[in-house]
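Taking it in order: structure first as structure tokens, then the write-up.
2 protein chains.
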Amino acid sequence: MPRVTSKDVAREAGVSQTTVSFVLNGRDEHGLSAETRRRVLETANRLGYVPSGAGRALRKGQSNVVLCVVPDFPVAEAMEQFKLALGRSLGEAGYACVYLHHAGTATPLAELWQHVQPAVVVAFGSLPAADAQLLHRAEIPLLDGVFTPGGTGLTGLSQEDIGRLQIEHLAARGHRHIGYAAVDDPRERPFCLPRLEGATRACRDLGLPAPQVVSMRYSRDSARNAVVEWTHGATPATAVAAFNDLIALAVLASCRTQHIGIPDDLALIGVDDLPVGSLAVPALTTIGMDLTAAAGNLTAGILAAVGAPAPAAPSGPDAGGILALIQRETT
Amino acid sequence: MPRVTSKDVAREAGVSQTTVSFVLNGRDEHGLSAETRRRVLETANRLGYVPSGAGRALRKGQSNVVLCVVPDFPVAEAMEQFKLALGRSLGEAGYACVYLHHAGTATPLAELWQHVQPAVVVAFGSLPAADAQLLHRAEIPLLDGVFTPGGTGLTGLSQEDIGRLQIEHLAARGHRHIGYAAVDDPRERPFCLPRLEGATRACRDLGLPAPQVVSMRYSRDSARNAVVEWTHGATPATAVAAFNDLIALAVLASCRTQHIGIPDDLALIGVDDLPVGSLAVPALTTIGMDLTAAAGNLTAGILAAVGAPAPAAPSGPDAGGILALIQRETT
DNA sequence: CTGAAAGCGCTTACAG
DNA sequence: CTGAAAGCGCTTACAG
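Residue numbers (the UniProt record's numbering), protein chains in the order written: chain D, 1 to 331; chain G, 1 to 331.
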């Protein structure tokens, strides 16, 4: 069965292709009669007409696709929710949001984005210079490093604030000597560094000593060494802020084998609000994020980049309230 | 800067557009001279020519994009690795693999696939009938329910075999009364049901009583009730096969609060080989999967669906060896 | 108020 | 061995 084209609709409705296009794209200024409009709509519907993306893209020079390039972040609940939310809010704005997952530098992005002539490319993490240049040449707007910039970026999600919030909570519970559990994985650096930076600054602002940073992996051995460092120094830490929930869970497990009581000997706070966190014994205190709001902010940025009218923004990028402390039993 | 087209390359190289197309698509049968070929290639390269996806798609009626539709599966390490691996192997075959993430039935797929005129649509999980019909009309091959079919499907990854492997391991360790920890989340049903089915059949084949199934959520309370059911019956279970590692971790946590020793009072095996599993105390025994191989199998199926020549298949779809027992401390 | 025509960039049957 | 021309489906400036 051959494809139904706008020409078919035009013939069937007894109008020209031009009229079909005008009706379907809602271009009112040409003042089409209500009757013509109705007939075209009815016919298109009856024939099951779906405009050709290729035809439109060829003509307009760009498609309605937003291509999100995702490096191989360690799997995170948060990332998945964010993707879902972004797809939804871009969908409402008439854009299709597709994801390109790639590991390392193996993928020749050059050969990929040409297939999907995207209206925008959004890079989570940052793109190799060669790819960025290619996009530049093709005049495809690139939103780079969405999650990594110094400030809150386009999502309104500040990594610094996450670290700050952790410290503020621990300080409010009376802790002064605080350890920071960083992660020893280069792929996580874009998140870990700014969180640590925020934590460090918060300590300074509160008049506390700088956090005692230990870098570790997601393993029990690694966590054990870290715990030893925090607890056996001249001024032992009484609380630890972990880069994320997984690291916090590793610390938690190691404390059990070392018979260190949580939260009494050592308080602990993670980031992400993973479901597993509530399963731990004791249940993990953590920082949660409103990813729907963050995705909404990014959508506004994307639409601005394509020059589309901004949607009825429910909140500005700095409306705050994206982060929330979730207190359970480890603090 | 306007786009570099094949016409530009042709003019610059002093040949026709036809010749450029032939050279770039490697159509040898026309017997182009080596010199012409070299000059075209060099020119294309120098000008930074990248063929227009839209132009090609319009002409050929389909693009080089494989669109994978992913419902909101609970986040799983396994799924992410699989996506990465699939992108890689399709990339090698010259196809771009993009993912469309959607939650529930909210997304009007109808309006999405038209933007990206995909060569194939691969549905992880199954598609609403309306969407399937739309694709059918457009003559876009649909690989539906990739993970759900009765057999091994296109990935060679049999959910039944996973359940069977768990039971065989527990039986080999001497267990006869086995509990099964199912999950109470409709989104997981496509995985949970066949795994349970495989476990049940394995018990039958081994002459063991059917597993005592308890359905639970990812919470400690829920796990506590499950553990009570398994341990307080007339013939208490001595081992539990869990739907996945997360469920197993919930059971593990609950056993600790109930002072049930693992593995002595109750052995436990999960599925997925999550990193957190090795952090647990005791470390979790589980089933791992070779997702690169599984993705390779699916790629072969996709290429067959588009009528492309199969790649140099390193292994048939039933080459086995995709699943592996990873024994740690809970069995 | 509506339509005929051009052109986006590509591939390929056909003609030399 | 190489090229001129048609046509994929769309949108839009232009002409009535």
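Note that beta-carbon positions come from the ideal geometry of N, C-alpha and C, so glycine has one too.
Note that the structure is predicted; figures quoted are calculated from it, not measured.
8 Å contact criterion, which residue i and residue j should meet: CB distance rounded
i: G/Ala182; j: G/Leu206; result: Rounded, the Cβ-Cβ distance is 20 Å, inconsistent with contact.
i: G/Val66; j: G/Ala119; result: 6 Å
i: D/Leu100; j: D/Val69; result: 5 Å
i: D/Pro211; j: D/Tyr180; result: 4 Å
i: D/Val98; j: G/Val98; result: 4 Å
i: D/Ile260; j: D/Thr231; result: 7 Å
Nearest-angstrom Cα separation, counted from residue j out to residue i
i: G/Ile244; j: G/Ala85; result: With the sequence shown as reference, residue 244 of chain G is identified as Asn, and Ile is not the correct amino acid for it. Computed Cα separation, rounded: 21 Å.
i: G/Val227; j: D/Glu229; result: 37 Å
i: D/Asn225; j: D/Leu325; result: 28 Å
i: D/Leu157; j: D/Ile287; result: 12 Å
i: D/Gly139; j: D/Ala57; result: The sequence given here has Glu at residue 139 of chain D, not Gly. Between D/Glu139 and D/Ala57, the C-alpha separation is close to 14 Å.
i: D/His102; j: D/Gly174; result: 44 Å
i: G/Ile167; j: G/Arg195; result: 11 Å
i: G/Gln327; j: G/Asp273; result: 10 Å
i: D/Gly233; j: D/Glu188; result: 27 Å
i: G/Arg204; j: G/Gly270; result: 20 Å
i: G/Ser315; j: G/Glu77; result: Reliability of the predicted coordinates at G/Ser315 is poor, the pLDDT of 48 falling under 50, and the value obtained from them is presented with this limitation in mind. In a straight line, the C-alpha of G/Ser315 is about 24 Å away from that of G/Glu77.
i: D/Ala54; j: G/Gly55; result: 7 Å
i: G/Leu47; j: D/Ala96; result: 31 Å
i: G/Arg45; j: G/Pro74; result: Note on residue identity: the sequence assigns Asn, not Arg, to residue 45 of chain G. Roughly 44 Å separates the two Cα atoms.
i: D/Asn303; j: G/Arg37; result: Here residue 303 of chain D is Leu; the residue named in the question, Asn, does not match the sequence. In a straight line, the C-alpha of D/Leu303 is about 43 Å away from that of G/Arg37.
i: G/Asp185; j: G/Ala250; result: 15 Å
i: G/Ala13; j: G/Phe22; result: 14 Å
i: G/Ile162; j: G/Gly198; result: 7 Å
i: D/Pro51; j: G/Glu42; result: 37 Å
i: D/Ala241; j: D/His169; result: 10 Å
i: D/Lys83; j: D/Asp8; result: 37 Å
i: D/Glu35; j: G/Gly87; result: 48 Å
i: D/Gly277; j: D/Gly61; result: 47 Å
i: G/Pro317; j: D/Arg39; result: Low local confidence applies: a pLDDT of 46 at G/Pro317 is under 50, so the model's placement there is unreliable, with the coordinate-based value given in what follows. The alpha-carbon atoms of G/Pro317 and D/Arg39 are separated by roughly 51 Å.
Residue i: contacting residues in chain G (beta-carbon distance under 7 Å)
i: D/Tyr99; result: Val98, Tyr99, His101
i: D/Pro275; result: Tyr218
i: D/Gly48; result: Arg137
i: D/Asp72; result: Leu84
i: D/Gly153; result: None at all; the shortest Cβ gap to chain G is about 21 Å.
Under 7 Å between C-beta atoms of residue i and residue j
i: G/Arg256; j: G/Ala202; result: no
i: D/Thr331; j: D/Ala267; result: yes
i: D/Thr299; j: D/Leu142; result: no
i: D/Thr155; j: D/Asn297; result: yes
i: D/Ala248; j: D/Leu284; result: yes
i: D/Ser6; j: D/Val20; result: yes
i: D/Arg220; j: G/Leu193; result: no
i: D/Gln159; j: D/Leu291; result: no
i: D/Val4; j: D/Tyr49; result: yes
i: G/Ile262; j: G/Pro275; result: no
i: D/Leu323; j: D/Met289; result: yes
i: G/Ser63; j: G/Gln17; result: no
i: D/Ala223; j: D/Ile178; result: no
i: D/Asp144; j: D/Ala130; result: no
i: G/Gly153; j: G/Pro71; result: no
Partners in chain G for residue i, counting only beta-carbon separations shorter than 8 Å
i: D/Gln117; result: Ser52, Gly53, Ala54
i: D/Arg256; result: Val281
i: D/Asp185; result: Those do not exist, as D/Asp185 stays about 11 Å from chain G at its closest Cβ, beyond 8 Å.
Amino acids of chain G, ordered along the chain, whose beta-carbon sits closer than 9 Å to that of residue i
i: D/Arg3; result: Gly61, Arg137, Ala138, Glu139
i: D/Leu83; result: Per the sequence shown, the amino acid found at residue 83 of chain D is Lys instead of Leu. Those within 9 Å of D/Lys83 in chain G are Tyr99, His101.
i: D/Gly296; result: By Cβ distance, chain G contributes nothing, its closest Cβ being about 15 Å from D/Gly296, past 9 Å.
Closer than 6 Å: residue i CB and nearest the ligand NAD heavy atom
i: D/Pro51; result: In the structure shown, the ligand NAD is absent, as is every other ligand, since no ligand is present at all.
Contact set between residue i and chain D, taken where Cβ atoms lie within less than 8 Å
i: G/Asp8; result: Neighbours of G/Asp8 on chain D: none; closest Cβ ~13 Å, over 8 Å.
Proximal chain D residues relative to residue i, where beta-carbon distance stays under 9 Å
i: G/Leu58; result: Ser52, Ala54, Gly55, Ala57, Leu58
i: G/Gly301; result: Within chain D, no residue comes near G/Gly301; the closest Cβ sits about 19 Å away, beyond 9 Å.
i: G/Gly307; result: Those do not exist, as G/Gly307 stays about 18 Å from chain D at its closest Cβ, beyond 9 Å.
i: G/Gly26; result: Ordered by position in chain D, no residue passes the 9 Å Cβ test against G/Gly26, which lies about 15 Å from the chain.
Amino acids of chain D, ordered along the chain, whose beta-carbon sits closer than 7 Å to that of residue i
i: G/Gly270; result: Neighbours of G/Gly270 on chain D: none; closest Cβ ~12 Å, over 7 Å.
i: G/Gly261; result: Going along chain D, no residue has its Cβ under 7 Å from G/Gly261, so there is no contact; the nearest lies around 15 Å.
Report the residues of the stretch 228 to 258 of chain D with a CB closer than 8 Å to any CB of chain G, ordered along the chain.
Leu246, Leu249, Ala250, Ala253, Arg256, Thr257
Interface residues of the stretch 122 to 136 of chain G facing chain D [CB-CB below 8 Å]
Leu134
Could you please tell me which residues of the stretch 170 to 184 of chain G, in chain order, have their CB closer than 8 Å to any CB of chain D?
none
Given a limit of 8 Å on CB to CB distance, which residues of the stretch 189 to 213 of chain G reach chain D?
Residues: none.
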